[in-house]
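Same order as they appear, the protein sequences are chains R and L. With the numbering used here, you'll find the first sequence wraps up at 525, consecutive numbering, no jumps. With the numbering used here, you'll find the second sequence wraps up at 525, consecutive numbering, no jumps. Ideal Cβ positions, reconstructed from N, Cα and C, are used throughout, including at glycine. Owing to the predicted nature of the structure, the values given are computational and were not obtained by experimental measurement.
Number of protein chains: 2
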Amino acid sequence: MAREGRRGGRAARREARGRAEIGMLPPLERRLPVYEILDEERLERLHDASMRILEETGIAFQDGEALALWRAAGAAVEEQRVRIPRALLLELVARAPSRFTLHARNPARSLEIGGNRTVFFPSYGSPFVRMFDGERRYGTLEDLAVFHKLAHLSPALHGTGAVTCEPVDLPVPRRHLHVTLSAIRHSDKVFMGPVTAPERAEDAVRMAGILFGEGFVAENPVMVSLVNCNSPLVWDGTMLGALRVYARAGQPVIVSPFTMAGANTPASVPATVAQLNAEALAGIAFAQLCRPGCPVIYGNFLAAVSMRSGAPMAGTGELALMNLMIGQLARRYGLPWRSSGMLTGSKITDAQAGYESAFNMLPILLAGCNLVMHSAGWTEAGLTVGLAKFMLDAEQMAMLHRLGQGPRFADFEAAVAAVAEVGPGGHFFGTAHTREHFEAAFFMAELFDNNSFEQWQAEGARDAAGRALEAARARLAAYEAPALEPAVAEALLAFVRKREEHLPEGGE
Amino acid sequence: MAREGRRGGRAARREARGRAEIGMLPPLERRLPVYEILDEERLERLHDASMRILEETGIAFQDGEALALWRAAGAAVEEQRVRIPRALLLELVARAPSRFTLHARNPARSLEIGGNRTVFFPSYGSPFVRMFDGERRYGTLEDLAVFHKLAHLSPALHGTGAVTCEPVDLPVPRRHLHVTLSAIRHSDKVFMGPVTAPERAEDAVRMAGILFGEGFVAENPVMVSLVNCNSPLVWDGTMLGALRVYARAGQPVIVSPFTMAGANTPASVPATVAQLNAEALAGIAFAQLCRPGCPVIYGNFLAAVSMRSGAPMAGTGELALMNLMIGQLARRYGLPWRSSGMLTGSKITDAQAGYESAFNMLPILLAGCNLVMHSAGWTEAGLTVGLAKFMLDAEQMAMLHRLGQGPRFADFEAAVAAVAEVGPGGHFFGTAHTREHFEAAFFMAELFDNNSFEQWQAEGARDAAGRALEAARARLAAYEAPALEPAVAEALLAFVRKREEHLPEGGE
């Protein structure tokens with residue numbers, strides 16, 4: 018591997034250190050069959066509808082360079098509208114790799130993306146936070162550091178993320194620098210890049226260059242970024258600019274329509290999927306125009322719109338159906354797939370948050386999702402990231418990590434023999450098989466209370482959110498920053514300081 | 018249909034009335050593919066292990082008449098241990114119908130059990146309640162009436178249940194009479210029968226006779242009852258006595274091992290399933306010895322035991338895997354299948370309750386469960402039934418009812434045409450397709466808050482449990498008892514009074 022060769026013994030030492038620290042669970046290697054909701058005929062109907070949308074209605078690319086690229090590739094371009102023949106589209110989509118390695122600065126935490134692997138990333142993009150006091154307020158860089166530390170300390174989270182909350186205390190033009198620096202400093206897991214402007218994406222690529230070495234970054238994915246399609250059928254200039262920067266740098270982009278089903282899509286489950294499939298594929302094809310073979314992830318963000326208030330909803334049956342269909346489509350195109358896991362509209366970490374998150378998440382796992390964003394912390398339809406929710410969600414990802422591995426048959430005969438050994442009316446605690454396997458056999462959530470009522474009462478009759486906050490406090494007290502070579506840390510800081518000299522203290 | 022013939026115009030009038038009242042959703046007709054977690058080879062390994070358990074280890078039947086029946090059928094009986102050759106077992110199991118109609122006193126609420134149908138029944142068997150004041154205390158007959166009324170009023174609950182809470186204010190020997198009377202009076206949905214003693218089961222069959230006519234009851238399933246295997250591998254005299262009464266009366270019994278995985282089964286997911294499969298099949302075969310062809314339901318109650326405290330846990334990955342495997346086994350034997358849905362160990366209706374219930378429930382639906390018990394109200398591992406939880410759960414069953422119907426393709430082309438109509442950058446609220454389909458397109462939970470933070474705050478910043486209690490109050494205020502012919506009501510009451518004369522005021 019290029020990187021190991023370049024860094025030699027130092028990389029090996031870092032790897033050993035990473036493994037000795039808090040264990041990150043490896044990417045989940047799913048051994049459950051993927052749940053195929055559609056038969057071949059319906060899958061092809063969806064595909065065909067998406068192709069017709071792109072061929073006949075077309076899709077807007079609000080960027081001159083993008084339009085020129087499409088024209089050169091043979092698409093029909095009329096003002097900003099691009100109509101893409103399916104042969105061209107599929108030829109471009111086929112250039113994208115079906116799996117790739119996403120490198121972390123700690124090689125033990127690098128991730129295989131695609132195939133039967135699933136990785137979990139925390140919540141992303143909330144302006145508001147609820148921290149220890151439970152009050153809702155704007156997020157700060159200090160809050161963001163807390164989430165980056167907790168992502169580092171959560172075994173089932175495979176990425177640090179990026180803007181888990183917006184650090185609203187920093188001016189927008191400089192914010193991306195500090196977000197990226199915080200992610201790099203506080204965790205050695207994979208981080209995400211900014212997309213709010215092409216030059217900010219360039220800054221992040223340069224910071225990655227300082228961290229990994231520019232040569233390594235030129236050859237290997239070391240960060241992942243999220244661009245959203247402005248549904249229906251608009252790729253705007255900002256997103257295309259960021260996408261182009263990352264694609265040309267060989268850095269993977271999650272190409273995600275932002276779906277509010279019923280508002281910016283039809284009031285139909287399969288037609289919503291047909292539209293978002295068209296949007297995602299058009300973006301993915303464009304990335305391949307920018308740099309053939311660059312890694313991309315087929316993305317989606319899904320909410321359904323309440324008929325009463327227009328508010329986004331999560332965890333409903335229709336969203337489950339959509340996720341199941343999208344997973345099947347992504348596999349049809351041989352692309353890694355990203356979805357959004359622990360979503361809820363609840364303002365707080367109450368029962369609604371639990372129901373909606375779980376009902377939203379499980380279909381995504383069974384549908385074979387490769388990268389699950391918003392796996393921890395999301396509340397209030399993403400407007401607020403909550404500390405309590407973050408802790409509970411992150412632990413549930415560890416539960417799903419077990420589920421996804423499927424039933425273990427390795428010790429099946431020995432376990433069945435224990436039934437004969439115990440016979441009618443006994444219990445199994447004393448058998449050799451139980452003594453050997455009990456601890457590993459059944460997942461237990463530390464943050465859930467399954468003790469007796471009396472014990473729960475004696476311990477303060479707290480709800481899950483209260484226990485989660487206490488656990489967050491304890492975990493943060495034990496936090497140690499993962500080692501970062503001082504020269505690298507200094508170079509990153511110097512880069513940030515220098516860039517800030519050229520960036521305004523206000524504005525968008 | 019026998020019953021329609023017997024009751025003529027009266028039944029027709031009742032049917033019309035039933036349909037005009039609060040709409041009960043019909044049994045869910047699943048159009049999603051069942052999720053098959055095991056390949057053929059592993060499914061057969063499980064089956065074979067169950068057969069070996071019954072052939073070699075055997076299972077205890079703690080009842081003289083049962084042992085005599087097994088001996089006469091050709092099983093090897095040694096004291097209370099019965100070893101059942103697989104040919105005999107499978108021949109008996111094959112006698113059970115794969116689907117049957119469970120009649121409600123309102124024919125519009127009768128249920129098809131089996132095949133691709135799923136019905137939801139409320140929680141069952143809790144000694145404690147949490148009602149409007151949120152305090153945990155013993156249940157009473159008055160509390161029970163509240164749950165029976167709410168089951169009646171919940172569109173996605175298909176049965177009234179029975180002992181949603183134990184009416185602890187009544188002496189045990191008389192309790193079953195009042196539980197059954199309450200269920201019959203307060204709802205015209207399907208009810209469940211008592212199993213705490215054979216003579217109590219007989220009382221319930223006689224009450225059903227008063228309600229439906231003895232001739233009708235002799236020919237048709239009109240109630241469903243739950244018997245539990247005392248795992249590992251013990252069918253006790255009480256349960257066998259009740260099972261025998263119902264089987265001989267032609268009334269369906271849910272034959273359910275009570276599994277605390279790791280304690281009364283091996284510390285292994287597939288071996289736990291192999292054991293409970295053996296237990297369920299032995300009970301089902303016994304029912305067929307009592308009355309060949311009598312309707313039965315393959316049942317299971319599943320919890321996993323915490324390695325730390327020995328407490329039961331719900332909603333974990335291992336339980337999901339078990340439910341998926343059990344569903345597949347039940348289909349292999351052509352039997353309707355019952356599982357337990359909205360389980361949680363949480364003492365209250367908090368986030369834990371939401372996560373655990375949802376993660377426990379969804380695999381059960383995808384695995385093709387036919388009768389889901391504990392669909393509403395369960396908290397504290399079943400020790401407490403909660404009013405708030407009942408309301409939230411019951412509404413989520415309506416959500417799953419939508420999920421289970423799968424994606425609707427009927428209007429697919431019209432919906433895709435709306436994408437062309439709107440084009441890039443618009444919204445869909447104005448399209449003809451959206452106007453026609455919006456209301457029905459996306460499920461919205463009335464008890465979940467997806468409004469803005471500001472609106473939520475203005476409305477009192479309540480959590481989901483608080484809103485659920487308010488909704489329960491409003492719903493109960495609008496409750497009207499379903500009509501019951503005065504002569505029938507009087508006859509039922511007279512039966513209860515007369516039986517009470519012969520039953521002690523205390524004891525078990």
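| Check | Outcome |
| --- | --- |
| Residues of its chain near P184 (chain L), where Cβ-Cβ distance is below 7 Å and the 5 sequence neighbours each way are ignored | G156, T157, L158, L161, R192, H195 and V196 |
| Contacts that R349 (chain L) makes with chain R (C-beta to C-beta distance below 7 Å) | Correct list: empty, because the minimum Cβ distance to chain R is about 16 Å. |
| Contact with chain R by E38 (chain L), beta-carbon distance below 7 Å | A caution first: E38 (chain L) carries a pLDDT of 47, below 50, which makes its placement in the model too unreliable to give a value. |
| Where P287 (chain R) sits in the DSSP three-state scheme | helix |
| Closer than 9 Å at the beta carbon, the chain L residues around I201 (chain R) | None at all; the shortest Cβ gap to chain L is about 32 Å. |
| Neighbour flag for R20 (chain R) against chain L, beta carbons, 7 Å | Per-residue confidence for R20 (chain R) stands at a pLDDT of 38, beneath the threshold of 50, marking its modelled position as unreliable; the derived number appears in the next sentence. Judged by the 7 Å Cβ criterion, R20 (chain R) is not in contact with chain L. |
| Proximal residues of chain R, C-beta to C-beta of T451 (chain L) below 8 Å | G279, P283 and A284 |
| Residue-chain proximity (T74 (chain L), chain R), Cβ-Cβ < 7 Å | yes |
| Inter-residue Cα distance where the pair is S115 (chain R) and E129 (chain R) | 11 Å |
| Nearest neighbour of V402 (chain R), chosen from R:L360, R:N387, R:E412 and R:A431 [CA to CA] | R:L360 |
| Cβ of G258 (chain R) within 7 Å of any chain L Cβ | no |
| Where S199 (chain L) falls: helix, strand or coil (DSSP) | helix |
| A384 (chain L) at chain R interface by Cβ criterion, 7 Å | no |
| Under 7 Å between C-beta atoms of F117 (chain L) and P312 (chain L) | yes |
| E471 (chain R) classed as buried or exposed, judged by whether at least 16 other C-beta atoms fall within 10 angstroms | exposed |
| Closest by C-alpha distance to F588 (chain L), when choosing among R:S326, R:I76 and R:Y52 | Since the first and last residues shown for chain L are 18 and 525, residue 588 (chain L) lies out of range. |
| Cβ contact check for the region 327-347 of chain R and the region 301-310 of chain R: 3 or more pairs under 8 Å | no |
| Interface flag, S323 (chain R) vs chain L, CB-CB below 7 Å | yes |
| Contacting residues, own chain, Cβ-Cβ under 6 Å from R261 (chain L) (five flanking each side not counted) | C307 |
| Chain R within 7 Å of S326 (chain L), Cβ atoms only | yes |
| Cβ-Cβ separation, F376 (chain R) to L174 (chain L) (assumed contact under 8 Å), whole Å | Not confirmed; about 18 Å, so no contact. |
| Alpha-carbon spacing of A291 (chain R) relative to A278 (chain R), whole angstroms | 12 Å |
| CB of V94 (chain R) within 7 Å of CB of L107 (chain R), strictly | no |
| For L501 (chain L) and E53 (chain L), the rounded distance between their alpha carbons | 44 Å |
| Beta carbon proximity, L409 (chain R) to chain L, threshold 7 Å | yes |
| Close Cβ partners of W395 (chain L) (< 6 Å) along its chain, the five nearest in sequence each way excluded | S140, M359 and L360 |
| Sequence-distant residues of the same chain with beta carbon closer than 8 Å to N247 (chain L), five excluded per side | D253, M256 and F275 |
| Exposed unless 16 or more other CB atoms sit within 10 angstroms - verdict on A89 (chain L) | exposed |
| Endpoints, the beta strand (DSSP E) within which E108 (chain L) is located | Run containing E108 (chain L): none in the beta strand (DSSP E); it sits in the alpha helix (DSSP H), R103 to V110. |
| Chain-ordered neighbours of M416 (chain L) on chain R, where CB pairs are closer than 7 Å | T333 and G334 |
| Neighbour-count burial assignment, A111 (chain L), 16 or more Cβ in a 10 Å radius | exposed |
| Three or more C-beta pairs below 8 Å linking the region 198-214 of chain L and the region 222-240 of chain L | yes |
| Residue environment, R126 (chain R), which counts as buried when at least 16 other CB atoms sit within 10 Å | buried |
| The region 165-173 of chain R / the region 411-423 of chain R touching (three or more Cβ pairs under 8 Å) | yes |
| Closest Cα partner of L243 (chain R) within the set R:R265, R:V272 and R:F229 | R:V272 |
| Cβ-Cβ distance between V189 (chain R) and E525 (chain R) below 7 Å | yes |
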